[in-house]
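In the numbering used here, the protein residues as written are 5 to 305. Encoded as structure tokens, the structure appears first; notes follow it.
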Amino acid sequence: MIIKAPIDLELTQVSGQTSQPPWKYIDDSYSDLVCIDGEPSIFNVKQTDEYVDFTYTGNVSEKTAIENVKKIYDLDFDLDKFYKYLDSYDELKDMSKFCNGLRLFQAKDPFECIISSICSANNSIKRWTKSIDDMKLKWGRNFNDYYSFPNPSNFKELYLDDDEELLNEGNIKNNNLKSCGVGYRAPYMRKASDIFTLEIDLSDIYKMSYDEAFETILEVPGVGPKVADCILLYGFGFRQAFPSDVWIKRIVSYLYFDGKDIKVEKVREFGMDEFGDYAGYVQLYMFHYARMSGLMDKLKK
DNA sequence: AACCAGGACTCTG
DNA sequence: CAGAGTCCTGGT
Numbered sequence: 005m006i007i008k009a010p011i012d013l014e015l016t017q018v019s020g021q022t023s024q025p026p027w028k029y030i031d032d033s034y035s036d037l038v039c040i041d042g043e044p045s046i047f048n049v050k051q052t053d054e055y056v057d058f059t060y061t062g063n064v065s066e067k068t069a070i071e072n073v074k075k076i077y078d079l080d081f082d083l084d085k086f087y088k089y090l091d092s093y094d095e096l097k098d099m100s101k102f103c104n105g106l107r108l109f110q111a112k113d114p115f116e117c118i119i120s121s122i123c124s125a126n127n128s129i130k131r132w133t134k135s136i137d138d139m140k141l142k143w144g145r146n147f148n149d150y151y152s153f154p155n156p157s158n159f160k161e162l163y164l165d166d167d168e169e170l171l172n173e174g175n176i177k178n179n180n181l182k183s184c185g186v187g188y189r190a191p192y193m194r195k196a197s198d199i200f201t202l203e204i205d206l207s208d209i210y211k212m213s214y215d216e217a218f219e220t221i222l223e224v225p226g227v228g229p230k231v232a233d234c235i236l237l238y239g240f241g242f243r244q245a246f247p248s249d250v251w252i253k254r255i256v257s258y259l260y261f262d263g264k265d266i267k268v269e270k271v272r273e274f275g276m277d278e279f280g281d282y283a284g285y286v287q288l289y290m291f292h293y294a295r296m297s298g299l300m301d302k303l304k305k
């Protein structure tokens with residue numbers, strides 16, 4: 005069925021949001037496994053004019069399926085209103101042209117988002133998405149050749165590297181975290197899964213205020229301010245998060261501070277104060293505007 | 001083949 | 001407390 009909310013699906017898929025890697029792309033449509041209360045379902049989305057054509061298989065009601073696809077692609081967000089907001093500021097008014105139809109790509113599995121976000125730190129989009137896809141293939145459950153992301157209790161049992169696997173198994177079958185190319189992040193990930201099985205209940209995060217959730221998620225090893233904001237934005241829908249890294253710093257500095265070098269921490273505060281509940285979207289649009297408009301190349305020097 | 005990009009963490013002053 | 005150095009991998 006067509007869901008009447010304008011979107012650019014491809015742009016949304018390839019924009020590197022750390023909720024998850026892009027979905028499987030076959031015959032102009034994107035599909036992936038979505039588990040709803042433990043019930044596996046295959047979601048399929050296809051660009052039709054400016055809208056999404058959505059189909060699914062699995063034992064879930066149509067109402068529930070639609071709720072979930074709307075959540076993942078943030079289809080209830082009013083893009084037109086957001087574009088009016090962008091257009092009303094000199095610094096932001098070019099952005100909607102370069103990113104038309106870009107929406108938040110929200111987590112279908114918050115734990116997958118946490119590991120993806122840890123994996124994305126000091127890394128490239130291409131590399132972290134491949135690592136996550138590798139993990140799904142190795143340790144996820146297979147439903148018709150779609151793979152779930154392993155849950156925290158599966159995850160904490162994984163070996164870190166070849167040495168540990170050899171010691172325990174007597175041979176190496178690349179059945180360890182480092183074999184997915186995550187490097188020094190492997191111990192962070194395993195400790196993180198420990199925390200989410202023992203100390204933090206994922207469902208509690210939804211009930212917290214932004215500040216409380218930020219402080220809580222910062223306790224997780226491998227999670228600093230940037231990664232915490234990605235987790236809160238893409239994993240838990242906290243739109244007021246403004247994930248700030250070197251690129252956002254360069255862009256904000258160029259647009260608002262006359263190119264002056266500012267601390268990333270200040271950029272985060274600035275973004276949250278200035279943009280409020282649009283902070284997450286503005287961050288997303290800034291990054292892609294910079295990519296598409298050539299501003300990024302200009303700022304490299 | 002040496003060098004660089006990318007956040008979090010740890011160590012130093 | 002700020003600033004510097006280190007971590008791993010894939011790309012040049």
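In this text, a Cβ means the ideal position worked out from N, Cα and C, and glycines have one as well.
Cβ contact annotation for G185 (same chain, cutoff 8 Å, sequence separation greater than five): R131, K134, S135, D138, in chain order. Scanning the region 146-185 from its first residue to its last, the whole alpha helix (DSSP H) runs of 4-plus residues come out as 156-159, 166-173. For the alpha helix (DSSP H) assignment, the uninterrupted runs of no fewer than 4 residues enclosed by the region 38-92 are, from N- to C-terminal side, 66-76, 83-91.
In this structure, V286 and F279 form a Cβ contact; the two beta carbons are roughly 5 Å apart against a cut-off of 8 Å.
Inclusion of E71 and P10 in the CB contact set at 8 Å is not warranted, their separation being larger than that value. Leaving aside the five residues that flank G284 on each side, the residues in its chain whose CB is nearer than 6 Å to its CB run, in chain order, L237, R243, A245. Here the alpha carbons of A111 and F274 stand approximately 26 Å from one another. Taking all protein chains in view, the Cβ of Y282 is crowded by 16 or more other Cβ atoms within 10 Å, so the residue is classified as buried.
Contact fails between the region 145-153 and the region 252-271, because fewer than three Cβ pairs, one in each stretch, are under 8 Å apart.
Looking from the CA of C123, the closest CA among R272, G228, Y258 belongs to G228.
For the options N172, F81, G239, the alpha carbon positioned closest to that of I118 is the one of G239. Annotation: F102 to S128 spans about 22 Å, alpha carbon to alpha carbon. Exposed is the label assigned to G298, since fewer than 16 other Cβ atoms lie within 10 Å of its Cβ.
Between F58 and I7, the CB-CB gap stays under 8 Å.
Counting along the chain, Y285 sits inside the alpha helix (DSSP H) bounded by residues 283-297.
Beta-bridge pairing by DSSP links D36 to F47. Within 10 angstroms of the beta-carbon of E173 lie fewer than 16 other beta-carbons, which makes it exposed. The beta carbons of L162 and R194 sit about 6 Å from each other, so the pair counts as a contact at 8 Å. Each residue's CA atom was taken as its position, placing I255 and V231 some 19 Å apart. The beta carbons of L37 and I46 sit closer together than 8 Å. Measuring C-alpha to C-alpha distances from K67 to each of M5, D32, L108 identifies M5 as the nearest.
In this chain, the beta strand (DSSP E) harbouring Y29 covers 28-30. Per DSSP, the continuous alpha helix (DSSP H) segment holding R272 begins and ends at 268-279.
Here the C-alpha atom of I266 lies approximately 35 Å from the C-alpha atom of S207. Non-local C-beta neighbours of Y210 in its own chain, meaning closer than 7 Å and more than five positions away in sequence, comprise F240, ordered along the chain.
Linking K177 to Y192 through their CA atoms gives a straight-line distance of about 22 Å. For the 8 Å CB-CB criterion, K160 and S121 do not form a contact. Counting along the chain, the unbroken alpha helix (DSSP H) around L222 starts and ends at 214-222.
Listed in chain order, the non-local C-beta contacts of R107 below 6 Å within the same chain comprise I11, T16, Y77, D78, local neighbours out to five positions each way being set aside. Counting only the Cα atoms, L170 lies some 46 Å from M290.
Per DSSP, M5 is not a residue of any alpha helix (DSSP H), being assigned neither H nor E.
Nearest to L303 by C-alpha distance, out of M296, K270, Y258, is Y258.
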